[in-house]
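In what follows, a single structure is set out as structure tokens and then discussed.
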Amino acid sequence: MCRIYGHLGGAHPGPDVLRAVGAAMREGGPDAQTTGLGARWSLGSNRLAVQGIAHGAQPYRRPGLTCVFNGEIYNHRELRAELRALGHAFEGDCDGDVLLPLYERHGEDFVSRLEGMFAIALVDERGPEPVLRLFTDHAGMKSLFYYRTPDGGLRFASELRALSRYPDFPAALDPLAVDRYLGGRAVWGPGTVHRDVRTLEPGSVLRFTAGRLDVRLTALEPARPDWPDGTPTVAAAGAQLDALLRHEMGRMLDADVPVCVITSGGLDSSYTTALAADLLPEVSSFHIAYRGDWPADERHFAAEVARRCGTDHHEVLLDPAGFPALVDRFVRHLDQPNNAPHSLSTYALFEAVHEAGFKVALTGDGADELFGGYTRFVKAARDDSPTWYRAYQGTMAAVPTEGLRTLYTPDYLARVHAAGGFFGDASGDALDRQVRAGNHGKLETLLRYDQFARFPYYILRRVDHLSMAHSVEARVPFLQPSVMRFAHALPEEVKVAGDTVKAPLAEAARRWVPRSVLDRPKQPFTLPVTAMIKPGEALYDMIGDLLLAPTARCHAFVRPEALRELLALQTESPGAHAAEALWSVLMLETWLAARGLAA
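The sequence shown lines up with residues 1 to 599 when you count with the working numbering.
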């Protein structure tokens, strides 16, 4: 696991600038900082040494080829054996060693052989002009941001805050960035908060040479399961999913550093915890909770899973009185505004994981998006109205469209209309195109849309950036290609069977997790902000102090009067609508302040 950066073409940044770019994300790779330089290019890496620690120094080199890599390749042992049989020699046991030999044999398609999570940058100098290629995995677990320079170059980095250290970084904000954030809870790619900066989408291959840029998306073909009697059933799907996950977990528990699991108390993380405990003689689990009596407290479920599995359980308790300081800390590591309240919990949880001596943590993210675990999917898919998907899109918003009309300042509202309307309309058009394409049923259309349009930017950027802020690698079993391909092959009626959402997962977990966890209602891992934003609580005071201050940067976008009304409503009658809106604007304000940005 690493952080990577570099450039091709244009003015050469020079060693001082490159050191500054790498230093801006050193937490993500504190073990070694290295840079490869060419006459017209650079490739840099901050290494978090997890596999093949004694070797694997980056950049990797072959004649005419140089490569840096962020992520983990879980099938590297199989690939290494295959390449050895073809005559390749390897000195160590680092997963990245297989990348260039595979590229030599397969070209750009070499990434189809990789099973894991990755962002890869490769310079190929074997032709008349050097070529820079960037690759991302199909789930989008690892980010890459890039921009083109006025003098014909391209610069990239794993994090926006590092990319911004280049002197020619185009810092101007996208006029719709705030609208996109409030309409989608995060800034969905491939655009970013900065008008002229992009991020690579999941499964992307970028090719840049001599000022020419091409980006293409690669397909992840569905699996072809072998069903007993030729008929897909929940029972058969559960059995096959269990076998797949056991295989993936076995590879993901393989590391040269200590590995732990995150146990929220929900079904997905409880299942992965149980599989880890079955595969390893000793496993440590981590759960986060809050001092006091709060809604949606899951600590007793997590503790029950830990007892059942025999893990060394760590219950991390946060004091809500310290939340304002924690907000300031975690927002600095979020490249773009993100309204997920559990960003705070995620940041503190990985901090505890790091302090306990772990470099790798397995999480249960992704199962809901692949197997239909949210009721919003089912409700929309069962809606017979012609605009069923528009109602679904509304569930993505931090503040509904009508609320935005009253929240925005007149000037910003006019800018939004002039630039193309509310996020919900623009995003709805993208979903509308998928619906018209008719490639899938209603449920599967929503799942694919979520997996590739929302999930990488709202969930995975948070997991990646907040874990790497503490030099911890987050591994995600459900997002491995074999599991994704299997999920894409399942019929809708198997994924959601009657009233049972993500039915194959529930079936697979049945023998592993306590009945109390298996049968309880779905509960997202979150922070109970509705209860925590009320008089007498630290978050309430923070919101009042920051958002209503005359110097608040967010006033360039939202009306102070609307914020006062929301705070008054939350004071008199706490509710999810006002609380989420206030929290979302708090994240925006804190992010703007951390970046020193204004409208």
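We treat Cβ as the ideally placed atom computed from N, Cα and C, and that holds for glycine. The structure displayed is predicted, hence computed values, not measured ones.
Cβ-Cβ separation, residue j to residue i (assumed contact under 8 Å), whole Å
i: Arg3; j: Gly36; result: Incorrect: roughly 15 Å between the Cβ atoms, too far for contact.
i: Leu132; j: Phe69; result: That belief does not hold up - the Cβ atoms of Leu132 and Phe69 are roughly 14 Å apart, past 8 Å.
i: Phe486; j: Gln240; result: 7 Å
i: Gly140; j: Pro456; result: 3 Å
i: Val378; j: Leu349; result: In fact, because the Cβ distance is near 29 Å, the residues do not count as touching under 8 Å.
i: Pro514; j: Glu298; result: Rounded, the Cβ-Cβ distance is 13 Å, inconsistent with contact.
i: Tyr60; j: Asp16; result: At roughly 25 Å, the Cβ-Cβ gap does not stay under 8 Å, so Tyr60 and Asp16 are not in contact.
i: Val257; j: Lys359; result: 4 Å
i: Phe145; j: Val197; result: 6 Å
i: Asp124; j: Leu43; result: Incorrect: roughly 12 Å between the Cβ atoms, too far for contact.
i: Val483; j: Leu244; result: 6 Å
Minimum Cβ-Cβ distance from residue i to chain D less than 7 Å
i: Leu490; result: In the structure shown, chain D cannot be found, because there is only a single protein chain.
Beta-carbon contacts of residue i that lie in its chain and below 7 Å, excluding the five residues immediately before and after
i: Val558; result: Leu407, Tyr408, Thr409, Val585
i: Leu280; result: Leu253
i: Asp109; result: none
i: Gly441; result: Glu492
i: Arg224; result: Ala489
i: Leu217; result: Glu201, Gly203, Ser204
i: Thr500; result: Ala506
i: Pro602; result: Since the first residue shown for the chain is 1 and the last is 599, residue 602 is missing from the structure and cannot be characterised.
i: Ala276; result: Met249, Leu253, Val261, Val283, Leu362
i: Ala593; result: Arg553
i: Leu431; result: Tyr389, Gln393, Tyr449
i: Met587; result: Val331, Pro337, Asn338, Asn339
Cα-Cα separation between residue i and residue j, rounded to whole angstroms
i: Ser270; j: Thr263; result: 6 Å
i: Gln168; j: Thr149; result: The sequence given here places Asp at residue 168; Gln does not occur at that position. About 7 Å.
i: Ala391; j: Arg84; result: 54 Å
i: Tyr5; j: Asp383; result: 46 Å
i: Arg553; j: Leu547; result: 9 Å
i: Ala418; j: His465; result: 33 Å
i: Tyr166; j: His287; result: 39 Å
i: Leu100; j: His88; result: 11 Å
i: Leu326; j: Leu344; result: 7 Å
i: Ser427; j: Gly183; result: For Ser427, the predicted model reports a pLDDT of 48, less than 50, meaning its position is unreliable and no value from the coordinates is stated.
i: Arg47; j: Pro560; result: 44 Å
i: Ala210; j: Pro63; result: 21 Å
i: Gly92; j: Leu518; result: 43 Å
i: Lys579; j: Arg185; result: Reading off the sequence, residue 579 comes out as Ala, not Lys. Computed Cα separation, rounded: 14 Å.
i: Ala32; j: Ala157; result: 17 Å
i: Leu602; j: Leu460; result: Because the chain in this structure spans residues 1 to 599, residue 602 falls outside the shown range and cannot be described.
i: Ala289; j: Ile120; result: 36 Å
i: Tyr103; j: Val111; result: 8 Å
i: Ala622; j: Ala162; result: Not covered by the structure: residue 622. The range shown for the chain is 1 to 599.
i: Pro386; j: Ala380; result: 11 Å
Residues near residue i in its chain [Cβ-Cβ closer than 6 Å; skip 5 each side]
i: Arg195; result: Ala172, Asp174
i: Leu114; result: Ile73
i: Asp268; result: Gly364, Ala367
i: Gly189; result: Thr199, Glu201, Tyr457
i: Ala508; result: Gly238, Leu241, Asp242
i: Ala302; result: Thr263, Gly265, His287
i: Tyr540; result: Ile533, Lys534
i: His470; result: Phe350, Glu351, His354
i: His55; result: Glu91, Gly92, Cys94
Strand pairing of residue i, partner residues [DSSP]
i: Val131; result: Asp124
i: Met468; result: BP columns for Met468 are empty, so no partner.
i: Phe323; result: Answer is none; Phe323 lacks a bridge partner.
i: Ala157; result: Tyr5, Phe145
i: Phe606; result: Past the boundaries of the shown model lies residue 606; the chain is included only from 1 to 599, so the question cannot be answered.
i: Arg19; result: DSSP output for Arg19 lists no bridge partner at all.
i: Asn75; result: Per DSSP, none; premise fails for Asn75.
i: Leu318; result: Tyr290
i: Phe118; result: Gly71
i: Leu37; result: Ser42
i: Asn338; result: Ala186
Environment of residue i [buried if 16+ CB atoms lie within 10 Å]
i: Leu8; result: buried
i: Thr363; result: buried
i: Lys522; result: exposed
i: Leu582; result: buried
i: Arg595; result: buried
i: Gly438; result: exposed
i: Pro13; result: buried
i: Pro228; result: exposed
i: Thr311; result: buried
i: Gly424; result: Note that Gly424 has pLDDT 44, beneath the 50 cutoff, so the model's placement of it is unreliable and no number is given.
i: Glu221; result: exposed
i: Gly322; result: exposed
i: Glu473; result: buried
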